[in-house]
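Only one structure is covered here, and it is reproduced in the block below.
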Amino acid sequence: MSFDNPHCDGTRLPMMTVYDFPKGPYPARVRIALAEKKLQSRVRFELVDLRKGEHKSPNFIATKNYSGTLPVLELSDGTLIAECTAIIEYLDNLDGAPILTGTTALEKGLIHMMNKRAEIEFLDAISVYFHHATPGLGPDVEIYQNAEWGLRQRDKAIRGMHYFDRVLRQQPFVAGEAFSMADIAVIGGMIFAEIVKISVPWDCEALQAWYARMQERPSVQNRMAT
Ligand code: GTS
């Protein structure tokens with residue numbers, strides 16, 4: 031166990047490692063959560079180069095994440111937590127004062143529903159489009175592609191944008207009245223949409239206005255600073 035970072039009260043807290051690809055939309059979710067929780071000084075980032083397929087190497091799959099995806103959080107005792115939602119849940123509850131995942135039963139239920147919906151209907155759909163209907167990570171990494179499936183997922187993601195636009199016409203944040211990990215998941219989708227050049231439909235004004243507000247948050251703006 032390493033205790034590298036002096037805490038403000040002089041105590042030393044154990045460091046965590048994030049296996050990361052800084053420009054990636056999924057790693058961005060964890061970077062934003064770390065900043066919202068002011069935990070950046072508790073982590074070191076270790077680059078896993080997706081373009082070289084390092085996340086699909088037998089060693090990475092055997093020792094870090096069976097699913098062969100990023101990000102992965104490694105605790106100082108070697109415990110591994112993969113999946114953005116699980117990582118954010120852990121980080122948010124570390125200090126016993128969650129601000130991203132809800133405190134009441136109702137908040138938790140709504141946040142988890144909208145977070146999952148953001149993944150299924152938007153972010154994951156764009157990811158499938160990227161890997162199947164564009165060159166993706168290149169021929170050495172993309173060993174199976176199905177362009178028709180990818181294009182269907184692009185259409186699904188655009189429908190998802192219209193859905194979140196309707197949601198955001200009714201309420202200021204994706205899961206209600208407060209910023210949460212569900213907003214972070216939709217931000218991940220917006221980042222991925224920019225990368226693959228899927229434009230936000232012109233009539234999704236509430237989604238655009240919400241994203242402009244999100245981009246003003248220091249956690250979103252400075253997510254690649256570390
Ligand atoms: N369900 C996973 C999660 O929520 O963590 C998905 C993670 C994921 O797809 N991560 C991307 C990945 O590893 C990283 S990035 O595209 O955002 O940079 N993709 C590589 C691949 O081959 O799927």
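Numbered according to this note's numbering, the sequence shown terminates at residue 256, and the numbering increases by one at each position without gaps. Here a beta-carbon is modelled for each residue, glycine too, at the ideal position from N, C-alpha and C.
Per-residue DSSP class, three states only, for residue i
{"i": "Thr-93", "result": "helix"}
{"i": "Gly-98", "result": "coil"}
{"i": "Ile-111", "result": "strand"}
{"i": "Met-46", "result": "strand"}
{"i": "Glu-246", "result": "coil"}
{"i": "Arg-253", "result": "coil"}
{"i": "Val-158", "result": "helix"}
{"i": "Gly-104", "result": "The amino acid at residue 104 is misidentified as Gly; the sequence shows Glu. Glu-104 falls in the strand class under three-state DSSP."}
{"i": "Tyr-241", "result": "helix"}
Closest Cα partner of residue i within the set the options
{"i": "Gln-137", "options": "Leu-237, Ala-236, Thr-47, Glu-207", "result": "It is worth fixing the name first, because residue 137 is Glu in this sequence and not Gln. The residue with the shortest Cα to Cα distance from Glu-137 is Glu-207."}
{"i": "Phe-194", "options": "Glu-178, Ala-163, His-161, Ile-150", "result": "Ile-150"}
{"i": "Cys-234", "options": "Pro-202, Ala-242, Arg-196", "result": "Arg-196"}
{"i": "Leu-130", "options": "Ala-212, Tyr-174, Ala-236, Met-244", "result": "Ala-212"}
{"i": "Thr-99", "options": "Arg-182, Arg-81, Gly-108, Pro-128", "result": "Arg-81"}
{"i": "Val-250", "options": "Ala-236, Leu-237, Trp-232, Met-220", "result": "Met-220"}
Buried or exposed by the 16-neighbour rule on C-beta atoms within 10 Å, applied to residue i
{"i": "Gly-180", "result": "buried"}
{"i": "Trp-240", "result": "buried"}
{"i": "Thr-133", "result": "exposed"}
{"i": "Asn-95", "result": "buried"}
{"i": "Ile-156", "result": "buried"}
{"i": "Met-254", "result": "exposed"}
{"i": "Asp-67", "result": "Checking the sequence, you will find Lys at residue 67 rather than Asp. Lys-67 should be labelled buried."}
{"i": "Asn-145", "result": "buried"}
{"i": "Glu-119", "result": "buried"}
{"i": "Pro-55", "result": "buried"}
{"i": "Gln-183", "result": "buried"}
Distance between beta carbons of residue j and residue i, contact taken as under 8 Å
{"i": "Gly-83", "j": "Leu-167", "result": "7 Å"}
{"i": "Ile-141", "j": "Ser-210", "result": "5 Å"}
{"i": "Val-60", "j": "Val-78", "result": "Not really, about 13 Å apart at Cβ, beyond 8 Å."}
{"i": "Leu-105", "j": "Leu-69", "result": "Not quite, the Cβ-Cβ distance comes to about 13 Å (not below 8 Å), so this is no contact."}
{"i": "Pro-101", "j": "Asp-50", "result": "5 Å"}
{"i": "Ile-214", "j": "Ala-63", "result": "6 Å"}
{"i": "Val-230", "j": "Val-216", "result": "In fact, because the Cβ distance is near 11 Å, the residues do not count as touching under 8 Å."}
C-beta neighbour in chain B for residue i, strict 8 Å
{"i": "Lys-138", "result": "In summary, chain B is missing from the structure at hand, where a single protein chain is found."}
Checklist entry - In chain order, what are the residues with a CB under 5 Å from some non-hydrogen atom of the ligand GTS? => result Qualifying residues come out as Phe-51, Gly-54, Pro-55, Tyr-56, Thr-99, Leu-100, Glu-113, Cys-114.
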